[in-house]
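Q: In the numbering used here, the protein residues as written are 9 to 505.
Dropping a structure here in structure tokens format, bear with me for questions.
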Ligand SMILES: Nc1ncnc2c1ncn2[C@@H]1O[C@H](COP(=O)(O)OP(=O)(O)O)[C@@H](O)[C@H]1O
Ligand SMILES: [Mg+2]
């Protein structure tokens, strides 16, 4: 008979010094790290979160202080343990945590010394992970300081709450650690970028009544609603619900107002650092906290046509596994069951934008109207050609002697044939709203208005002519001047015998 083999076992406790260093590099940035600490504060019921930074001193630091429920010393020591909770355990709906790693890995991604001070039931406890200390001793032990006096930002802690303090900011200071001025500049720049991120990621909490206050060095941050819903000109489609195995998902599409319908400051705010073209797409919220944005999940391209489209997706945290939400809560993958549904949402958006676009194009080709340019679509190609029959061209052409007339129309055809398509294309892809019709000077405008009027006055009444002209350039872009010239021209005509 074969002898039964008993499996042997060997101790494989992680090497503290190296594993804790490894926790530093799972890909957090300053903004995702601070956001993860703020998630804990929100879960702890905080209504006020203060971020305090000290960048100019010899020992720069970042502190995040909340007024949540706080922790007892036992809870605090548990919280300092990497992997303090089981990610598979069911969680309360508002819980923004997951792996029991966030506090530690987010902090170590930015600093080598993490101090957490927490106050609960009137008792204050503190614990410190110092990576240099762990490297020396190589054991999983946090330091419990005998008192909390002198800990930076401790004065910000109220009757209950938690202070998360980052010191030894080696990652943030990088190669400038010895140049105090440069170091402060680098950190401050990164913190300014973080501000925009926090305003966006937590905007729904900051819009709550009563709101969650997030303060940066004493200043309350304003929420940044990526759908600009304070503008009545934002178009919001009805909300759709999708019931899936692990909960309900909600989808709502928005079309931002045209840039001319928003203040410049708001338009730029909503564009974010990446600009509008790159900020279109899905905005995925987990438990009302933004996880990622500005992507169509590879279902279509970010095009100029859909630049103003943003789609809100809301998922509960019970869907983490389906969406492969990562520890940092900054990435996710589209589950195959929702792929088709989202594809339909995109198709609808694309059809809608094409329709508006075509409507605008139609104005250009409508022969009842007065186009300076014709849009010609044939054999799968689209070209633009100046409309030689436009009264401004035709009228002037007719006033020329025959030999000059041909030359004049040749010149106009030349302008059409040399439209700078590549440059236009590049500009449209970048900042379409900055492209405007060229201004014409008074002389040119007067000539165009007069020629147009004399060509049309016999055929249409003045009201119709004005309505026609109002819709096309160059009159549309210089409408006040055009109106003035029309009135003056009509007055002069009346005076004529
Ligand atoms: N600001 C805070 N207030 C109260 N408790 C906190 C706070 N930050 C962290 N904790 C506690 O520490 C635990 C571990 O936090 P973390 O490492 O971020 O993992 P997770 O959020 O996934 O549980 C939390 O589950 C919570 O119990
Ligand atoms: Mg957490």
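Where a beta carbon is used, it is the ideal one built from N, C-alpha and C, also for glycine.
Values in this document were obtained by computation on a predicted structure and should not be read as measured data.
Which stretch, first to last residue, makes up the alpha helix (DSSP H) that contains residue 454?
A: Residues 450-464.
Q: Is the CB-CB distance between residue 300 and residue 326 below 8 Å?
A: No, the pair does not count as a contact, with Cβ atoms beyond the cut-off.
Q: Do residue 436 and residue 443 count as a contact pair if the criterion is CB distance below 8 Å?
A: Contact: yes.
Q: Using the beta-carbon count (16 or more within 10 Å), is residue 384 buried or exposed?
A: Residue 384 should be labelled exposed.
Q: Hey, how far is the Cα of residue 456 from the Cα of residue 415?
A: Computed Cα separation, rounded: 19 Å.
Q: Determine the direct distance from the alpha carbon of residue 295 to that of residue 216, and round the result to whole angstroms.
A: Approximately 14 Å between the Cα atoms of the pair.
Q: Please indicate yes or no: does the CB of residue 74 lie closer than 7 Å to some heavy atom of ligand 1?
A: Yes, the Cβ of residue 74 comes within 7 Å of a heavy atom of ligand 1.
Q: If you count every other CB in all the chains shown that lies within 10 Å of the CB of residue 128, and 16 or more means buried, which is it?
A: When all chains shown are included, residue 128 counts as buried.
Q: Flag this pair as yes or no: are the beta carbons of residue 32 and residue 116 separated by less than 8 Å?
A: Yes, these two residues count as a Cβ contact at 8 Å.
Q: Going by beta carbon distance, what residues of the same chain come within less than 8 Å of residue 118, once the five residues before and after it are set aside?
A: Hits under 8 Å: 36, 38, 41, 70, 174, 177, 179 and 180.
Q: I need the straight-line Cα distance from residue 475 to residue 312, nearest angstrom please.
A: Distance between the alpha carbons of residue 475 and residue 312 is about 29 Å.
Q: Tell me whether residue 24 counts as near ligand 1, meaning its Cβ is closer than 7 Å to at least one heavy atom of that ligand.
A: Result no, Cβ not under 7 Å from ligand 1.
Q: Please determine, among 398, 112 and 262, the residue with the shortest C-alpha to C-alpha distance to residue 378.
A: Considering only alpha carbons, the answer is 398.
Q: So residue 250 packs on residue 307, CB below 8 Å; how close in whole Å?
A: Not quite, the Cβ-Cβ distance comes to about 16 Å (not below 8 Å), so this is no contact.
Q: Quick one: what's got a C-beta closer than 6 Å to residue 133's C-beta in the same chain, skipping five residues either side?
A: 81, 84 and 126, listed in sequence order.
Q: Using a threshold of 7 Å, is the CB atom of residue 48 nearer than that to any non-hydrogen atom of ligand 2?
A: Yes.
Q: Would a C-beta distance cut-off of 8 Å place residue 461 and residue 473 closer than the cut-off?
A: Against a cut-off of 8 Å, the Cβ pair of residue 473 and residue 461 comes out as a contact.
Q: Can you tell me which of 220, 196 and 195 puts its alpha carbon nearest to the alpha carbon of residue 207?
A: Here the closest residue by C-alpha is 220.
Q: CB residue 78 to CB residue 91, shorter than 8 Å?
A: No; because the gap between Cβ atoms is not below 8 Å, this pair is not in contact.
Q: Kindly indicate the opening and closing residues of the alpha helix (DSSP H) around residue 141.
A: Segment 139-145, the alpha helix (DSSP H) holding residue 141.
Q: For residue 74 versus residue 59, is the C-beta distance shorter than 8 Å?
A: No. Outside cutoff.
Q: In terms of residues, what are the limits of the beta strand (DSSP E) holding residue 394?
A: Residue 394 -> beta strand (DSSP E) spans 389-394.
Q: Would you say the beta carbon of residue 118 comes nearer than 7 Å to a heavy atom of ligand 1?
A: Incorrect: residue 118 has no Cβ contact closer than 7 Å to ligand 1.
Q: Taking residue 383 as part of the beta strand (DSSP E), name the residues at either end of that continuous run.
A: Run containing residue 383: 381-386, per the beta strand (DSSP E) assignment.
Q: Please determine, among 16, 136, 147 and 131, the residue with the shortest C-alpha to C-alpha distance to residue 22.
A: Of the candidates 16, 136, 147 and 131, the one whose C-alpha sits nearest the C-alpha of residue 22 is 147.
Q: Answer yes if the segment 273-281 comes into contact with the segment 351-360, meaning at least three C-beta pairs across the two stretches below 8 Å, and no otherwise.
A: The segment 351-360, when compared against the segment 273-281, does not touch it at the 8 Å Cβ threshold.
Q: Between which residues of its own chain and residue 150 is the CB-CB distance below 8 Å, once the five residues before and five after are set aside?
A: Taken in chain order, the residues that qualify are 85, 88, 135, 136 and 137.
Q: Could you tell me the distance, in whole angstroms, from the CA atom of residue 270 to the CA atom of residue 492?
A: For residue 270 and residue 492, the distance between alpha carbons rounds to 28 Å.
Q: Less than 7 Å between the CB of residue 58 and some heavy atom of ligand 1, yes or no?
A: The answer is no for residue 58.
Q: Check whether the Cβ of residue 223 sits closer than 7 Å to any heavy atom of ligand 1, and report yes or no.
A: False, no ligand heavy atom lies under 7 Å from that Cβ.
Q: For the beta strand (DSSP E) containing residue 221, list its first residue and its last residue.
A: Per DSSP, residue 221 belongs to the beta strand (DSSP E) from 221-224.
Q: I want to check one thing, is the minimum distance from the CB of residue 110 to the heavy atoms of ligand 4 below 7 Å?
A: Ligand 4 is not part of the structure shown, which contains ligand 1 and ligand 2 as its ligands.
Q: Suppose you measure from the CA of residue 225 to the CA of residue 61; what does that come to, to the nearest Å?
A: Between residue 225 and residue 61, the C-alpha separation is close to 7 Å.
Q: Per DSSP, what kind of secondary structure is residue 171 in: helix, strand or coil?
A: In this structure, residue 171 counts as strand in the three-state DSSP scheme.
Q: Hey, could you find the ends of the beta strand (DSSP E) residue 257 is sitting in?
A: Residue 257 -> beta strand (DSSP E) spans 255-263.
Q: Check the DSSP bridge columns for residue 123 and list the partner residues they point to.
A: Partner(s): 136 and 173.
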